[in-house]
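>
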Amino acid sequence: MPEGFTAVLIAVLALAVLFDYINGFHDTANAIATSVSTRALSPRLAIAMSAAANFAGALTGTAVAKTIGAGLIAPQAEGGLVVAAALVGAIVWNLLTWRLGIPSSSSHALIGGLLGASAAAVGFGAWQVGGILGKVILPLIGSPIVGFIGGFALMVLIFNLFRRAHPKTMNDRFRRLQVLSAAFMAFSHGSNDAQKTMGVMTLALLSAGVIPEFKVPLWVIILAASAISLGTAAGGWRIIRTMGSKVVKLDPVHGFAAETTAATIIFGASALGMPVSTTHVISSAILGVGSSDRFRAVHWGVARRIGIAWVLTLPASGLVAALAYLLLRPMLS
Numbered sequence: 000m001p002e003g004f005t006a007v008l009i010a011v012l013a014l015a016v017l018f019d020y021i022n023g024f025h026d027t028a029n030a031i032a033t034s035v036s037t038r039a040l041s042p043r044l045a046i047a048m049s050a051a052a053n054f055a056g057a058l059t060g061t062a063v064a065k066t067i068g069a070g071l072i073a074p075q076a077e078g079g080l081v082v083a084a085a086l087v088g089a090i091v092w093n094l095l096t097w098r099l100g101i102p103s104s105s106s107h108a109l110i111g112g113l114l115g116a117s118a119a120a121v122g123f124g125a126w127q128v129g130g131i132l133g134k135v136i137l138p139l140i141g142s143p144i145v146g147f148i149g150g151f152a153l154m155v156l157i158f159n160l161f162r163r164a165h166p167k168t169m170n171d172r173f174r175r176l177q178v179l180s181a182a183f184m185a186f187s188h189g190s191n192d193a194q195k196t197m198g199v200m201t202l203a204l205l206s207a208g209v210i211p212e213f214k215v216p217l218w219v220i221i222l223a224a225s226a227i228s229l230g231t232a233a234g235g236w237r238i239i240r241t242m243g244s245k246v247v248k249l250d251p252v253h254g255f256a257a258e259t260t261a262a263t264i265i266f267g268a269s270a271l272g273m274p275v276s277t278t279h280v281i282s283s284a285i286l287g288v289g290s291s292d293r294f295r296a297v298h299w300g301v302a303r304r305i306g307i308a309w310v311l312t313l314p315a316s317g318l319v320a321a322l323a324y325l326l327l328r329p330m331l332s
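Numbering (numbering that gives the first Met the number 0), first residue to last: 0 to 332.
1. DSSP three-state label for ILE72, please.
2. For the candidate residues GLY88, GLY146, SER269, whose alpha-carbon lies nearest to that of ALA321?
3. Suppose you measure from the CA of TRP126 to the CA of TRP309; what does that come to, to the nearest Å?
4. Going by DSSP, name the residue or residues bridged to TRP126.
5. For GLY68, tell me which candidate among ALA6, SER106, SER187, PHE173 has the shortest Cα-Cα distance.
6. So, with DSSP's three-state summary, where would you put VAL209?
7. Check whether the segment 76-91 and the segment 272-291 are in contact - that is, three or more C-beta pairs closer than 8 Å.
8. Can you find at least 3 beta carbon pairs, one from the segment 201-211 and one from the segment 167-184, that sit closer than 8 Å?
9. What would DSSP say about LEU40, mapped onto helix, strand or coil?
10. With a cut-off of 8 Å on the beta carbons, I'd call ILE333 and VAL252 a contact; round off their distance for me.
11. Residues in its own chain within less than 7 Å of VAL337 by CB, not counting five upstream and five downstream?
12. Distance cutoff 8 Å, beta carbons only. Does LEU286 sit that close to anything in chain D?
13. Can the beta-carbon of VAL364 be found less than 8 Å from the beta-carbon of ALA64?
14. Grab the span of the alpha helix (DSSP H) containing HIS253 for me, first residue to last.
15. Go ahead and pull the three-state DSSP assignment for ARG163.
16. Out of ALA57, THR277, ALA120, ALA164, which has the shortest C-alpha to C-alpha gap to PRO329?
17. Using a 10 Å radius around the Cβ and a threshold of 16 neighbouring Cβ atoms, would you call LEU14 buried or exposed?
18. Excluding the five sequence neighbours on either side, which residues of its own chain have a C-beta within less than 6 Å of the C-beta of GLY198, listed in chain order?
19. Classify ILE131: buried if its beta carbon has 16 or more other beta carbons within 10 angstroms, exposed otherwise.
20. Check whether the segment 69-79 touches the segment 91-99, taking contact to mean three or more Cβ pairs, one atom from each stretch, closer than 8 Å.
21. Excluding five sequence neighbours on each side, which residues of the same chain lie with their C-beta closer than 6 Å to the C-beta of THR59?
22. Taking 8 Å as the cut-off, decide whether the C-beta atoms of LEU313 and GLY111 are in contact.
23. Give a yes or no on whether the C-beta atoms belonging to ALA277 and PHE18 are separated by under 8 Å.
24. Is DSSP giving THR278 helix, strand or coil here?
25. For VAL215, report the span of its alpha helix (DSSP H) as first-last.
26. Measuring CB to CB, does ALA223 end up less than 8 Å from TYR20?
27. Pick out whichever of ARG162, ALA116, SER187 has its Cα sitting closest to the Cα of LEU326.
28. Indicate whether SER142 and VAL275 have their beta-carbon atoms separated by less than 8 Å.
29. Which first and last residues belong to the alpha helix (DSSP H) in which LEU94 is found?
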């Protein structure tokens, strides 16, 4: 075993891989739900494509990993036990929302876990407020708004450009194009979500003194990319059904517009080091494209349930993480 690796560190790394895997199947719907619901891709082909694209996207950078690992909590709170408790909080919330079939943010579950566990460890002074506001709260509020407006605007543009096209011809064309937009969506998901696990793993390694500075090792990148792609391959059918058909009835043109809008926003956020919620962005883009036909086409009751889960994610995962820290501390001290 490499020097510096302890039982706590190994447990943290194992929890991180488990979280990444759960993140993959929890968020499979983000990339493929619209493609499956419009029959642009068969479920098996969609999942295989999404898994490969997620892996490729995870290899594109580490800016988001640095935000998660070094921009949210103070160094004195960056212990292995804090990271372990944060992962427990995120995993519990992800499994609960998956069981209920509610799309929620794995990203904000992890961030909420880090904030809750660090507050339990050393108090609220451990929070780096500037980083939280600029890299978490602003994207949390802004990205769904941009997703809704972007999806609505792109649908209006498409309808104006193809207003003389026969509906069947238009659907056939966009069904083929949706294969590309779904791949782009899966790629952007990997570029943002896999990096969050890289961030907590690197944070744990730094806290244990295994690495001298916050620089994501290559083996961590490969491990995180593999775990999220394997989780994606497992498929999260409960949430796929919610995203693909229960929010709004989608045609291929709607799916293409929603995926293209969301993927562009997510990939841009990844380049800026912003850990956005792929779930929030694609859900709001779906609402935007659905509203472009007629406002009442959207099942707003389902949308309301999703919105409630969004609001609860940070505090709920934070509370579970804080409780996990308080339970684990006497056991490991």
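A virtual CB, placed ideally from N, CA and C, is assigned to each residue, including glycine.
Treat the numbers as computed from the prediction; the structure is a model and nothing was measured.
This is what the structure holds:
1. It is a strand residue.
2. With distances taken between CA atoms, ALA321 lies nearest to GLY88 out of GLY88, GLY146, SER269.
3. Their backbone Cα atoms lie some 21 Å apart in a straight line.
4. DSSP lists ILE72 as partners of TRP126.
5. In terms of Cα proximity to GLY68, the closest of ALA6, SER106, SER187, PHE173 is SER106.
6. VAL209 carries a coil assignment under DSSP once its states are collapsed to helix, strand and coil.
7. With the cut-off at 8 Å, the segment 76-91 and the segment 272-291 do not touch.
8. Between the segment 201-211 and the segment 167-184 there are fewer than three C-beta pairs closer than 8 Å, too few to call the two in contact.
9. Three-state result, LEU40: coil.
10. There is no way to answer for residue 333, as the model of the chain reaches only from 0 to 332.
11. In the structure as shown, the chain begins at 0 and stops at 332. Residue 337 is therefore absent and cannot be evaluated.
12. The structure shown contains no chain D; it holds only a single protein chain.
13. Here the chain covers residues 0 to 332 and nothing more, so residue 364 does not appear.
14. Here the alpha helix (DSSP H) through HIS253 covers 251-270.
15. Three-state DSSP puts ARG163 in coil, outside helix and strand.
16. With distances taken between Cα atoms, PRO329 lies closest to ALA120.
17. Taking all protein chains in view, the Cβ of LEU14 is crowded by 16 or more other Cβ atoms within 10 Å, so the residue is classified as buried.
18. Excluding residues within five positions, the ones whose Cβ falls inside 6 Å are ALA64, ILE67, GLY68.
19. Looking at its Cβ environment, which holds 16 or more other Cβ atoms inside 10 Å, ILE131 is buried.
20. Flag = no, the segment 69-79 and the segment 91-99 do not touch.
21. Sequence-distant Cβ neighbours of THR59 in its own chain, meaning closer than 6 Å and more than five residues away, are SER190.
22. Closer than 8 Å, so yes.
23. One point to set straight first is that residue 277 is Thr, not Ala, in the sequence displayed. Not in contact: THR277 and PHE18 (Cβ atoms no closer than 8 Å).
24. Annotated three-state conformation of THR278 is helix, per DSSP.
25. Careful: VAL215 lies outside any alpha helix (DSSP H) and carries neither H nor E.
26. Going by C-beta atoms, ALA223 is not nearer than 8 Å to TYR20.
27. When each option's Cα is compared against that of LEU326, the closest is ALA116.
28. The beta carbons of SER142 and VAL275 sit closer together than 8 Å.
29. Element bounds for LEU94: 79-99.
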